[in-house]
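Read through the structure below, which is laid out as structure tokens, and then see the notes.
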Amino acid sequence: MSRFYPMVQIPGGEEDLRDDRKKLQWKATIPPFLLGAYPVTNELYEAVVGDSDTASNSSHSHQMPVVNISWKDAVGFCNLLSQRSGLTPCYSIGSGEAVQWNVEADGYRLPTEAEWQYACKAGNSSYQYGKLDQIAWYNDNSQGMLHEVGNKEPNAWGLYDMLGNVWEWCWDIYDEQVYGSYRVFRGGAGLKKQEDAEQPAVGAATPHSVSRILDSV
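Residue numbers in the sequence shown follow the UniProt record's numbering, run continuously in steps of one, and reach 217 at the last position.
In structure tokens:
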């Protein structure tokens, strides 16, 4: 599947995290990991899942990011991609919202929020690694439409479309005490205003909610 979904080696390091709602700050240690160079495309999703309806409904281009995928759909996609690639699936998926992550498995998975944020910054202190029009699709340049992946400049680690265009699912629960099983998504979308696209917000939705999709593993 590497022909469809090129991966980037992300070096290990540390990332400063914070929760403004709880007024907490902490440092996360990030081991090395692989991350998809692009958001998941219609072409890849259809090849793995065989769901041409989802892909065709999200856009007409094979290289558009697939959209209208719930968090539960996203982890299921990761397991199918692992099986197609001869790897051990990372997730045990039960009924309802029950999903367990086997951290010893070598298959594809969603990034944690810490991994996503660390990869987005690519060794910098800021999310923004160039002029916004050159690196992201957002409200001022997207014309209210999705755009094919990889048409903006990548960050220093070779990752495309980390800001704007589509939201990207992460593994993490947002705030279990307040929101229950809501899962985190990051990155922003093509309708985000400039100030929001420059500092990607954290969003959350239930695992069965349809959002604008996942990024990588």
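Backbone N, C-alpha and C fix where the C-beta goes; we use that ideal spot for every residue, glycine too.
Check: When DSSP labels each residue in this structure, what does Gly164 get in the three-state scheme?
Finding: strand
Item checked: Where the alpha helix (DSSP H) through Leu44 begins and ends -> 42–49
Item checked: N- and C-terminal bounds of the beta strand (DSSP E) containing Gln25 -> 24–30 is the extent of the beta strand (DSSP E) around Gln25.
Checklist line | Sequence-distant residues of the same chain with beta carbon closer than 6 Å to Glu14, five excluded per side | finding: Lys27, Thr29
Notebook entry, point to check: Just checking my contact of Val8 with Leu159 at CB under 8 Å: how many whole Å lie between their CB atoms?
Noted result: 6 Å
Next item on the list: Below 6 Å CB to CB, which residues in the same chain sit around Asn79 once its five sequence neighbours on both sides are set aside?
Entry: Counting only residues of its own chain and dropping the five nearest sequence neighbours on each side, Asn79 has a CB closer than 6 Å to the CB of Pro89, Tyr91.
Item checked: CA-to-CA distance, Trp169 to Leu17, given in whole angstroms -> 18 Å
Check: What separation, rounded to the nearest whole angstrom, lies between the Cα atoms of Asp20 and Asp133?
Finding: 28 Å
Note to self: Gly187 and Trp167 - do their beta-carbons sit closer together than 7 Å?
What the structure shows: Taking 7 Å as the cut-off, the beta carbon of Trp167 is found closer than this to the beta carbon of Gly187.
Next item on the list: Drop a sphere of 10 angstroms on the beta-carbon of Glu153, count the other beta-carbons inside from all chains shown, and report buried for 16 or more, exposed for fewer.
Entry: exposed
Next item on the list: Pick out whichever of Glu115, Leu163, Gly130, Tyr127 has its Cα sitting closest to the Cα of Tyr138.
Entry: The shortest C-alpha to C-alpha distance from Tyr138 to any of Glu115, Leu163, Gly130, Tyr127 is the one to Leu163.
Next item on the list: May I ask you to report which of helix, strand or coil DSSP gives Ser82?
Entry: helix
Check: Near Ser82, which residues of its chain fall below 6 Å by C-beta distance, leaving aside the five closest residues on each side in sequence?
Finding: Only Pro89, Gly107, Tyr108 meet the Cβ criterion.
Check: Mind checking Ala98: buried by the 16 CB within 10 Å criterion, or exposed?
Finding: exposed
Notebook entry, point to check: Can you name the residues that DSSP bridges to Tyr91?
Noted result: Trp101
Notebook entry, point to check: Around the C-beta of Leu34, are 16 or more other C-beta atoms found within 10 angstroms, so that it is buried, or is it exposed?
Noted result: exposed
Note to self: Would you call the region 62–80 in contact with the region 41–52, where contact means no fewer than 3 C-beta pairs closer than 8 Å?
What the structure shows: yes
Next item on the list: Output the boundary residues of the alpha helix (DSSP H) element that contains Leu132.
Entry: 132–135
Next item on the list: With a threshold of 16 other CB atoms inside 10 Å of the CB of Val36, please say whether the residue is buried or exposed.
Entry: The question names Val, but residue 36 is Gly in the sequence shown. By the 10 Å Cβ count, Gly36 comes out buried.
Check: Since Leu17 sits in a beta bridge, which residues does DSSP pair it with?
Finding: Looking at the DSSP output, Leu17 sits in a beta bridge with Trp26.
Next item on the list: Please state whether DSSP places Gln63 in a helix, a strand or coil.
Entry: Coil at Gln63, not helix or strand.
Next item on the list: Have a look at Lys121 and Lys22 and give me their C-alpha separation to the nearest angstrom.
Entry: 23 Å
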